[in-house]
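In the numbering used here, the protein residues as written are 1 to 329.
Think of the CB as a built atom: it goes at the ideal place given N, C-alpha and C, for glycine as much as any other residue.
Taking it in order: structure first as structure tokens, then the write-up.
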Amino acid sequence: MGNDIRGAIKKLKLLTYNSKSEAESFRRKIDDAFSTAFLPNKVECSEITYGGVVCDVLSPEIYASNRIMLYVHGGSFVGGSRAAYRAFCSSLAFKSCSRVVVPEYRLSPTSPYPAPVEDIQSVFRNLWTEEQVNMSISGDGELREPEIIIAADGSAAGIALALIFNLREKYRKCIKNVVLFSPWLSLDISDYAKSPMRKKDKIISEEILKKSAASYTYYENLKCPFVSPVFASDEQLKDFPPVFIQMGENEILLEVAKKFAERLRSLGNEVTLDVWPDMVFMFQMADEFFHESHLAMDKVGFELTKERDIDSGKIENLPKLEDSLKSEA
Numbered sequence: 001m002g003n004d005i006r007g008a009i010k011k012l013k014l015l016t017y018n019s020k021s022e023a024e025s026f027r028r029k030i031d032d033a034f035s036t037a038f039l040p041n042k043v044e045c046s047e048i049t050y051g052g053v054v055c056d057v058l059s060p061e062i063y064a065s066n067r068i069m070l071y072v073h074g075g076s077f078v079g080g081s082r083a084a085y086r087a088f089c090s091s092l093a094f095k096s097c098s099r100v101v102v103p104e105y106r107l108s109p110t111s112p113y114p115a116p117v118e119d120i121q122s123v124f125r126n127l128w129t130e131e132q133v134n135m136s137i138s139g140d141g142e143l144r145e146p147e148i149i150i151a152a153d154g155s156a157a158g159i160a161l162a163l164i165f166n167l168r169e170k171y172r173k174c175i176k177n178v179v180l181f182s183p184w185l186s187l188d189i190s191d192y193a194k195s196p197m198r199k200k201d202k203i204i205s206e207e208i209l210k211k212s213a214a215s216y217t218y219y220e221n222l223k224c225p226f227v228s229p230v231f232a233s234d235e236q237l238k239d240f241p242p243v244f245i246q247m248g249e250n251e252i253l254l255e256v257a258k259k260f261a262e263r264l265r266s267l268g269n270e271v272t273l274d275v276w277p278d279m280v281f282m283f284q285m286a287d288e289f290f291h292e293s294h295l296a297m298d299k300v301g302f303e304l305t306k307e308r309d310i311d312s313g314k315i316e317n318l319p320k321l322e323d324s325l326k327s328e329a
């Protein structure tokens with residue numbers, strides 16, 4: 001059975017805030033289309049508040065005890081929620097053998113920039129503190145730093161990268177990977193004027209980027225690195241964690257992603273730009289329409305777990321309380 005491209009495009013377009021969208025109805029449509037009552041792969045979902053922000057914590061049956069992922073959901077700055085991303089992030093948790101934290105951060109236009117960045121910073125600081133405590137009482141006599149993965153998609157890429165740009169060294173050194181799906185790395189529309197994918201991209205357009213940007217921040221901020229990471233300084237990108245960018249070939253966003261990746265490489269950073277032929281914006285969230293979606297998630301999982309876990313003996317599949325009792329016995 002072949003891919004259902006029309007079905008995928010219809011669903012994925014719901015993630016984009018266009019000229020006909022109103023905030024409340026836009027959010028409802030995303031939740032209706034992407035929410036599910038059943039999580040894949042026996043992933044368990046719990047609710048924890050970090051720094052005043054309510055979060056999902058998605059835990060697969062088997063996970064690396066010293067690794068956790070902070071996932072910032074997309075939705076054109078205006079939509080998206082824990083519920084809408086629960087299934088996708090559960091698959092990501094399973095593939096990467098990681099717990100995944102998904103914050104319910106404030107959204108535009110009622111809470112524009114910098115409110116979302118402030119929420120994610122608050123979650124990160126509290127999560128970092130909790131993981132440090134967990135590492136210190138691990139019971140094996142070895143003081144280990146937690147491994148934190150920062151992941152995001154679409155519009156949230158700028159929020160996630162703004163978090164990293166703002167972090168002091170002691171926090172930043174704990175970030176072992178950055179994973180970006182179809183990232184919006186510039187809100188300056190002129191960056192897309194000469195994109196060869198302008199007419200081929202069936203989901204993202206300059207009009208969508210422009211309206212979403214207007215809901216998020218002032219025009220004068222569009223070249224600010226904390227809004228458009230492609231404009232980051234060398235100092236902000238120096239000694240950056242390894243970055244893995246995954247996106248489709250038919251995206252208007254691709255040329256800016258190439259530019260950002262080249263900047264990172266030129267400064268000696270590790271970066272992988274994983275481009276899937278004939279795929280569209282956020283094709284990974286349309287796995288009922290694209291068989292490539294499953295393969296792409298497999299690749300992300302491999303990148304995050306290769307040469308780790310099994311050999312290091314850090315795999316866990318027991319609740320934390322039972323683990324600590326076991327280590328004290």
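- Per DSSP, the beta bridge partners of Glu47 are Asp56.
- Rounded to whole angstroms, Gly248 and Lys202 show a C-alpha spacing of 12 Å.
- Residue pairing by DSSP places Ile208 in no beta bridge whatsoever.
- The alpha helix (DSSP H) runs lying completely inside the region 89 to 136 and spanning 4 residues or more are 115 to 136, given in chain order.
- A straight-line Cα-Cα distance of about 24 Å links Asn166 and Gln246.
- Cβ contact annotation for Pro225 (same chain, cutoff 7 Å, sequence separation greater than five): Phe165, Phe231, Ala232, Ser233, Gln236, in chain order.
- Counting other Cβ atoms within 10 Å of its Cβ, Ile62 stays below 16 and is therefore classed as exposed.
- Per DSSP, Leu295 is one residue of the alpha helix (DSSP H) stretching across 292 to 305.
- Secondary structure of Glu235 (DSSP, three-state): helix.
- Ranking Leu58, Ala296, Ser266 by CA distance to the CA of Val280 puts Ala296 first.
- Under the DSSP definition of a beta bridge, Glu147 partners with Arg67.
- With respect to the 7 Å criterion, Pro40 and Ser91 are classified as neighbours on the basis of their beta carbons.
- Below 8 Å, enough C-beta pairs join the region 208 to 221 and the region 72 to 80 to call them touching: three or more.
- Within the same chain, Cβ atoms closer than 7 Å to the Cβ of Gly51 are found at Ser122, Val123, Arg125, Asn126, the five residues on either side in sequence being excluded.
- Contact between Pro183 and Ala151 fails: their C-beta atoms lie close to 11 Å from each other, not under 8 Å.
- When beta bridges are read from the DSSP output, Ala152 appears opposite Val72, Leu180.
- In the structure shown, the three-state DSSP call for Phe283 is helix.
- For Leu15 and Arg265, the gap between their C-alpha atoms comes out near 30 Å.
- Taken atom to atom, the span from the alpha-carbon of Phe88 to that of Pro103 is near 14 Å.
- A check of alpha carbon separations from Lys194 across Ile252, Val179, Pro242 identifies Ile252 as the nearest.
- Counting along the chain, Gly268 sits inside no beta strand (DSSP E), nor does DSSP assign it H or E at all.
- For Asp274, DSSP records a beta bridge to Gln246.
- If you check the CB distance, Leu163 and Asp188 do not come in under 7 Å.
- By alpha-carbon distance to Ile175, the top candidate from Glu130, Ile148, Leu185 is Ile148.
- The beta carbon of Ser19 sits closer than 7 Å to the beta carbons of Glu207, Lys211 from its chain, once the five residues preceding and following it are set aside; these are given in chain order.
- Within the same chain, Cβ atoms closer than 6 Å to the Cβ of Lys29 are found at Leu14, the five residues on either side in sequence being excluded.
- Exclusion of the five residues before and after Arg263 leaves Val230, Ala232, Leu237 as the residues of its chain whose Cβ lies within less than 8 Å of its Cβ.
- The beta carbon of Leu273 lies closer than 7 Å to those of Ile245, Ala257, Lys258, Ala261 in the same chain, with the five residues before and after it left out.
- Secondary-structure assignment with DSSP links Ile175 through a beta bridge to Ile148.
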